[in-house]
């Protein structure tokens with residue numbers, strides 16, 4: 073009898089030793105459900121979405137195989153954004169990636185259960201999305217995209233050593249944009265540069281605001297701002313009339329009329345957010361997962377725009393930055 077019991081225990085031990093492997097294999101085969109919400113059409117936000125997909129693929133999740141992926145874009149329509157947020161939450165995915173502050177705020181109002189991963193939000197505390205950067209305190213965490221503004225102003229002064237006044241434009245309803253402009257204003261004034269700050273309410277305001285600002289300044293600084301991104305072509309048209317250079321924090325804007333930027337890699341934000349999202353799924357604790365600062369930066373300039381504005385390109389910029397004019 074004793075030998076029988078010992079033999080039975082040995083069989084149980086052998087069988088249970090394989091259990092974690094079987095469960096792990098099952099977990100890997102389980103389909104992951106992911107939603108990505110974007111508030112507007114713009115290359116920089118599309119790059120973040122592309123980075124999220126790439127990050128998931130790198131971790132082994134491929135759409136059509138073990139990944140159910142939904143990407144929704146509100147096309148700058150806030151009522152549509154609300155509808156999208158409702159439908160996404162109703163689908164109850166495993167993870168939601170919110171690109172930019174408006175998307176995150178819309179989703180926050182609709183779920184406190186589904187993990188929401190921020191991608192491209194400069195000031196999550198100021199936007200009311202989290203309690204603290206170290207301990208978010210709810211179902212939201214993610215990647216902040218505060219630009220390296222000191223380095224950006226180094227670039228501006230290399231192009232314009234005699235700069236006296238710089239203009240700054242932001243959307244008055246975008247908390248992250250105002251946060252970035254406030255920081256940029258402090259940096260500029262500490263360098264002895266006068267600052268002209270103005271704001272828009274919608275993208276439709278850009279033409280008039282840009283017409284008023286351009287004659288007053290030597291250059292324009294543009295923060296990470298969704299409305300300005302969608303109206304950037306209008307801003308470029310107006311500043312070009314006065315041969316005024318634009319220095320944006322978003323690299324995609326350099327390809328469409330900006331002079332130079334050292335900013336956050338948008339695709340890198342997405343890849344980093346994807347890694348965070350998968351980690352949150354493992355731990356189940358977004359409330360204690362610290363907000364991360366975007367890690368990858370990229371310096372870009374446009375020799376074509378610089379030439380059009382009759383600007384000399386500093387030697388350091390030519391050596392260390394990527395010329396987007398040659399990539400097109």
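Numbering (my numbering), first residue to last: 73 to 400.
Each residue gets a CB set at the ideal place from its N, CA and C atoms; glycine is no exception.
Count the other C-beta atoms from every protein chain shown that fall within 10 angstroms of the C-beta of residue i, then say buried if there are 16 or more, exposed otherwise.
i	result
residue 391	exposed
residue 362	exposed
residue 250	buried
residue 374	buried
residue 200	exposed
residue 382	exposed
residue 284	exposed
residue 204	exposed
residue 335	buried
residue 145	buried
residue 310	buried
residue 119	buried
Which same chain residues end up closer than 6 Å to residue i when comparing Cβ atoms and leaving out the 5 residues on each side of it in sequence?
i	result
residue 187	167, 211, 352 and 358
residue 198	247 and 251
residue 245	none
residue 227	332 and 334
residue 104	133, 139 and 166
Express the C-alpha separation of residue j and residue i in angstroms, rounding to a whole number.
i	j	result
residue 356	residue 281	46 Å
residue 93	residue 132	Note that residue 93 scores a pLDDT of 35, beneath 50, so its modelled location is shaky and nothing firm can be said.
residue 100	residue 347	Model confidence at residue 100 stands at a pLDDT of 46, short of 50, so the residue's coordinates are unreliable and nothing is read from them.
residue 164	residue 314	51 Å
residue 267	residue 257	7 Å
residue 286	residue 110	30 Å
residue 179	residue 297	19 Å
residue 193	residue 276	23 Å
residue 278	residue 377	21 Å
residue 238	residue 222	15 Å
residue 293	residue 122	26 Å
residue 117	residue 322	10 Å
residue 208	residue 185	14 Å
residue 220	residue 113	24 Å
residue 155	residue 162	11 Å
residue 364	residue 345	9 Å
residue 253	residue 269	8 Å
residue 107	residue 218	24 Å
Excluding five sequence neighbours on each side, which residues of the same chain lie with their C-beta closer than 7 Å to the C-beta of residue i?
i	result
residue 225	259, 260 and 263
residue 206	362
residue 115	324
Which residues in the same chain as residue i place their Cβ atom closer than 8 Å to its Cβ, once the five residues preceding and following it in sequence are excluded?
i	result
residue 97	At residue 97, the pLDDT of 36 sits below 50, so the modelled position is not reliable; the number obtained from the coordinates is stated separately. Within the same chain, residue 97 has no close Cβ partners at all.
residue 135	125 and 141
residue 300	241, 242, 243, 249, 272, 275, 278, 294 and 307
residue 388	230
Problem - At least 3 beta-carbon pairs within less than 8 Å: the stretch 138–149 vs the stretch 362–376 - result: No: fewer than three Cβ pairs fall under 8 Å.
Problem - alpha helix (DSSP H) runs wholly inside the stretch 285–335, at least 4 long, in chain order - result: Every alpha helix (DSSP H) stretch that sits fully inside the stretch 285–335 and reaches 4 residues is listed by chain position as 298–302 and 304–312.
Practice task
Decide yes or no for the touch test of the stretch 335–347 against the stretch 226–246: beta carbon pairs closer than 8 Å, at least 3 of them.
Solution key: Contact between the stretch 335–347 and the stretch 226–246 is absent, because fewer than three Cβ pairs lie under 8 Å.
Exercise for the section: Would you be able to state if there are at least three C-beta pairs under 8 Å between the stretch 310–328 and the stretch 166–180? Expected result: Taking 8 Å as the limit for Cβ pairs, the verdict is that the stretch 310–328 does not touch the stretch 166–180.
Exercise for the section: Could you pull out every unbroken alpha helix (DSSP H) segment of at least 4 residues lying fully inside the stretch 329–370, listed in chain order? Expected result: Counting only runs of 4 or more, we get 338–355.
Exercise for the section: Ignoring anything shorter than 4 residues or poking outside the stretch 98–148, list the alpha helix (DSSP H) runs there in chain order. Expected result: The alpha helix (DSSP H) runs lying completely inside the stretch 98–148 and spanning 4 residues or more are 115–130, given in chain order.
Exercise for the section: Would you list, in sequence order, the uninterrupted beta strand (DSSP E) runs of no fewer than 3 residues that lie entirely inside the stretch 228–292? Expected result: The stretch 228–292 contains these whole beta strand (DSSP E) runs: 237–243 and 266–272.
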